[in-house]
Amino acid sequence: MTATLPAPASEPPPDTLHALDDLDVLSRLSARGLTLAYDGPEIVHDLSVDLPDGQITTIIGPNGCGKSTLLRALGRLLRPRRGAALLDGEAVHRQPTKEVARRLGLLPQGAAAPDAITVEDLVRRGRYPHQAMFSPPTDRDRIAIDRAITLARVDDLRDRSVDELSGGQRQRAWIAMTLAQETPILLLDEPTTYLDIAHQQEVLDLVQRLNRNEGKTVAMVLHDVNEAARVSDHVVAMRDGRIVAQGTPAEVVRPEILARVFGIATEVVAHPRTGAPICVPLGAPALPEGNPGAEAASMLPRPCRLCAVDATLAYDRCVVAERLSVEVPDGAITAIVGPNACGKSTLLRALARLLKPSAGGSFLDGEPLHRARRRALAQCLGLLPQAPVAPVDVTVADLVAGGRTPHQRWYRQWSAEDERAVEAALATTHTADLRHRTTDALSGGQRQRAFLGMALARQTPIMLLDEPTTFLDIAHQVEVLDLVRALNRDEGRTVVMVLHDLSQACRYADHLVVMHQGRVVATGSPREVVTPALVRDVFGVEAAVVTDARTGRPLVLPYSLEDLRGVGRG
Numbered sequence: 003m004t005a006t007l008p009a010p011a012s013e014p015p016p017d018t019l020h021a022l023d024d025l026d027v028l029s030r031l032s033a034r035g036l037t038l039a040y041d042g043p044e045i046v047h048d049l050s051v052d053l054p055d056g057q058i059t060t061i062i063g064p065n066g067c068g069k070s071t072l073l074r075a076l077g078r079l080l081r082p083r084r085g086a087a088l089l090d091g092e093a094v095h096r097q098p099t100k101e102v103a104r105r106l107g108l109l110p111q112g113a114a115a116p117d118a119i120t121v122e123d124l125v126r127r128g129r130y131p132h133q134a135m136f137s138p139p140t141d142r143d144r145i146a147i148d149r150a151i152t153l154a155r156v157d158d159l160r161d162r163s164v165d166e167l168s169g170g171q172r173q174r175a176w177i178a179m180t181l182a183q184e185t186p187i188l189l190l191d192e193p194t195t196y197l198d199i200a201h202q203q204e205v206l207d208l209v210q211r212l213n214r215n216e217g218k219t220v221a222m223v224l225h226d227v228n229e230a231a232r233v234s235d236h237v238v239a240m241r242d243g244r245i246v247a248q249g250t251p252a253e254v255v256r257p258e259i260l261a262r263v264f265g266i267a268t269e270v271v272a273h274p275r276t277g278a279p280i281c282v283p284l285g286a287p288a289l290p291e292g293n294p295g296a297e298a299a300s301m302l303p304r305p306c307r308l309c310a311v312d313a314t315l316a317y318d319r320c321v322v323a324e325r326l327s328v329e330v331p332d333g334a335i336t337a338i339v340g341p342n343a344c345g346k347s348t349l350l351r352a353l354a355r356l357l358k359p360s361a362g363g364s365f366l367d368g369e370p371l372h373r374a375r376r377r378a379l380a381q382c383l384g385l386l387p388q389a390p391v392a393p394v395d396v397t398v399a400d401l402v403a404g405g406r407t408p409h410q411r412w413y414r415q416w417s418a419e420d421e422r423a424v425e426a427a428l429a430t431t432h433t434a435d436l437r438h439r440t441t442d443a444l445s446g447g448q449r450q451r452a453f454l455g456m457a458l459a460r461q462t463p464i465m466l467l468d469e470p471t472t473f474l475d476i477a478h479q480v481e482v483l484d485l486v487r488a489l490n491r492d493e494g495r496t497v498v499m500v501l502h503d504l505s506q507a508c509r510y511a512d513h514l515v516v517m518h519q520g521r522v523v524a525t526g527s528p529r530e531v532v533t534p535a536l537v538r539d540v541f542g543v544e545a546a547v548v549t550d551a552r553t554g555r556p557l558v559l560p561y562s563l564e565d566l567r568g569v570g571r572g
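Given below as structure tokens:
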């Protein structure tokens, strides 16, 4: 790589903390004096905001700050305690459901589909607001459904059951359903969750096309500050249920504002092509590439307790990967990266003995995993799966305590050692203050940290983490990945992570495994592996790959379609 980290973005006007009373924008959708809560304490406090018509507005902020709660109130899914969400000047909760649904489409976070429903049937449900009771679909309905399926790029999945899809495929199916609704206003809660870099770009490029070409007003919640800065006209930054700042991306994505919002130090630099602000979290000092320890971690052969050899992985008769061989360097952090449905999570499931290879095998200390005793294996391998599901009404404390199950016997139940492990996991994941809350009352990020606490409480020498930063804001992403690195550096734990964020994989991993279409196409240190050509060939995305001067590690800065046409964002 020849490029280096670009210079900091130029200073925006000094006063960016706009007073809400000074807003003077045309807005069909707004909030006035909005106070929101579920059954417990207030989450959003006396909030007023206007979503500019015909623009893309993105709401950013830490987990639990009220972003998704605000979006649910604007989308008529949550009735305010005080104040009102206004659609065309009238309280949205006083308007008929179908009338609202014709003007406003909502993609909620963590949506659940009925069992065995196909993608096409799910998308068809988006036409509900336009149909009369007991009436068959019209030609217009069929055209809208086909168009939504094409726009979301799920044509090849239309007859597949939604519960058989990967996380990214499932997310695109839900986006297609929202598009089929054909509303002038779209509310999207984390639309890029579970998506690889290519599909993230596709979805956000689609959002831009819907806005630029069809004039749709879009409000999104995003955890990725850089994507928010890249695609938005207007950014709203929240913390503790209140708006801290709002304005253009250049006005809001500034180190001092990000410090107030997320409580984390950042560097803001300019995108090398567009000049858009790019947030680089500083976090704990990274081990620079070029350090002998980092170089050694990527060199094979080296001690390897966990591996897959000539493994063919399949669900029923659907083969996901063939003749897959992967060695996990002992005592190192390995990140598995690749596009959606390439087999990343499937490989991790095979390494965790949740999926038995139909040919070849997975091995721990030279022995086939499927022959290992379950309790002994659970004391050695800890797994955080993708989209884990908690029992109904379980509290955070009880969920985390479940991680100690492999260490208990019928004659020795709860011990002081178990108590210390659970308390340490709660403290490490910052969930101690949530211990008495049920998991279904948590935000997506809070729930993810609770499940991570359960994995940490197991105290295994090998940890397998499938998308551990899903639903987490930038501060908690850094906290979790700094924690993973500390467990590796200080305690010698071997870590294998599936990550969608290439820059995070480069920053935290010693060793990368790059997958494409069920095969391993590259392995090695981040500096050896990650190039613009690899990003293009594997993910189908054009990107600049620059060197972070602080760490010597690669940063991947994608270009959108507008970037490639030479259109910069403010």
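Numbering (this note's numbering), first residue to last: 3 to 572.
No residue lacks a Cβ here, since even glycine has one placed at the ideal position from N, Cα and C.
Nearest-angstrom Cα separation, counted from residue j out to residue i
{"i": "T314", "j": "D550", "result": "38 Å"}
{"i": "P283", "j": "N490", "result": "20 Å"}
{"i": "T152", "j": "L88", "result": "32 Å"}
{"i": "L224", "j": "V238", "result": "11 Å"}
{"i": "N65", "j": "Q479", "result": "10 Å"}
{"i": "A230", "j": "I58", "result": "9 Å"}
{"i": "A488", "j": "T496", "result": "11 Å"}
{"i": "A316", "j": "L190", "result": "33 Å"}
{"i": "R144", "j": "R127", "result": "12 Å"}
{"i": "V46", "j": "D242", "result": "7 Å"}
{"i": "R307", "j": "M465", "result": "12 Å"}
{"i": "R174", "j": "R325", "result": "29 Å"}
{"i": "D123", "j": "Y510", "result": "41 Å"}
{"i": "T219", "j": "D235", "result": "11 Å"}
{"i": "I259", "j": "R552", "result": "22 Å"}
{"i": "A118", "j": "V271", "result": "46 Å"}
{"i": "L109", "j": "V125", "result": "12 Å"}
Residues near residue i in its chain [Cβ-Cβ closer than 7 Å; skip 5 each side]
{"i": "L454", "result": "L386, T431, P470 and V482"}
{"i": "Y561", "result": "R275, E544 and A545"}
{"i": "G169", "result": "Y196, Q388 and A389"}
{"i": "T397", "result": "R437, H438, R439 and T440"}
{"i": "F541", "result": "D198, I199, A200 and P341"}
{"i": "V254", "result": "T18, V237, A239, A247 and Q248"}
{"i": "A423", "result": "R406, A459 and Q461"}
Cutoff 6 Å; reference residue i; Cβ partners in own chain excluding five residues on either side
{"i": "D23", "result": "Annotation note: pLDDT 41 at D23 (below 50); position unreliable, coordinate value reported separately. Excluding sequence neighbours, D23 sits near nothing in its chain."}
{"i": "F473", "result": "G446, G447 and Q450"}
Member of the options whose CA lies at the smallest distance from the CA of residue i
{"i": "L49", "options": "Y196, V246, C309 and L188", "result": "V246"}
{"i": "G2", "options": "A443, A272 and P556", "result": "Given a span of 3 to 572 for the chain in the structure shown, any question on residue 2 remains unanswerable."}
{"i": "S360", "options": "E329, A323 and V339", "result": "A323"}
{"i": "L557", "options": "R74, H513, D400 and C281", "result": "C281"}
{"i": "A200", "options": "R78, A378, T71 and A154", "result": "A154"}
{"i": "C382", "options": "S364, R460 and D332", "result": "R460"}
{"i": "D367", "options": "E425, R351 and P331", "result": "P331"}
{"i": "N573", "options": "G363, D435 and P186", "result": "The structure shown does not extend to residue 573, since the chain is modelled only from 3 to 572, so the question has no answer here."}
{"i": "A352", "options": "R211, L371 and R376", "result": "L371"}
{"i": "A310", "options": "F365, S234, V339 and I259", "result": "F365"}
{"i": "V233", "options": "P251, T219, R244 and H518", "result": "P251"}
{"i": "A86", "options": "I119, A103 and S32", "result": "S32"}
{"i": "G68", "options": "A267, D90 and V263", "result": "V263"}
{"i": "A427", "options": "R411, T407, Q415 and A452", "result": "A452"}
Neighbour-count burial assignment, residue i, 16 or more Cβ in a 10 Å radius
{"i": "P528", "result": "buried"}
{"i": "G405", "result": "buried"}
{"i": "V394", "result": "exposed"}
{"i": "M179", "result": "buried"}
{"i": "V516", "result": "buried"}
{"i": "L1", "result": "Any property of residue 1 remains undetermined from this structure, which presents the chain solely from 3 to 572."}
{"i": "A418", "result": "exposed"}
{"i": "E92", "result": "exposed"}
{"i": "G77", "result": "buried"}
{"i": "S137", "result": "exposed"}
{"i": "S347", "result": "buried"}
Which residues DSSP lists as bridging residue i, in chain order
{"i": "L385", "result": "L466"}
{"i": "S32", "result": "D52 and L88"}
{"i": "S163", "result": "T120"}
{"i": "L106", "result": "I187"}
{"i": "E329", "result": "C309"}
{"i": "F136", "result": "Beta-bridge pairing links F136 to no other residue."}
{"i": "Y317", "result": "C320"}
{"i": "V497", "result": "I335 and M465"}
{"i": "A524", "result": "V516"}
Other residues of its chain near residue i: CB distance less than 8 Å, five sequence neighbours each side excluded
{"i": "V547", "result": "M3, A5, V532, T533, P534, V537, P556, L557, V558 and L559"}
{"i": "R83", "result": "T37, L38, A39 and E44"}
{"i": "G265", "result": "P64 and A477"}
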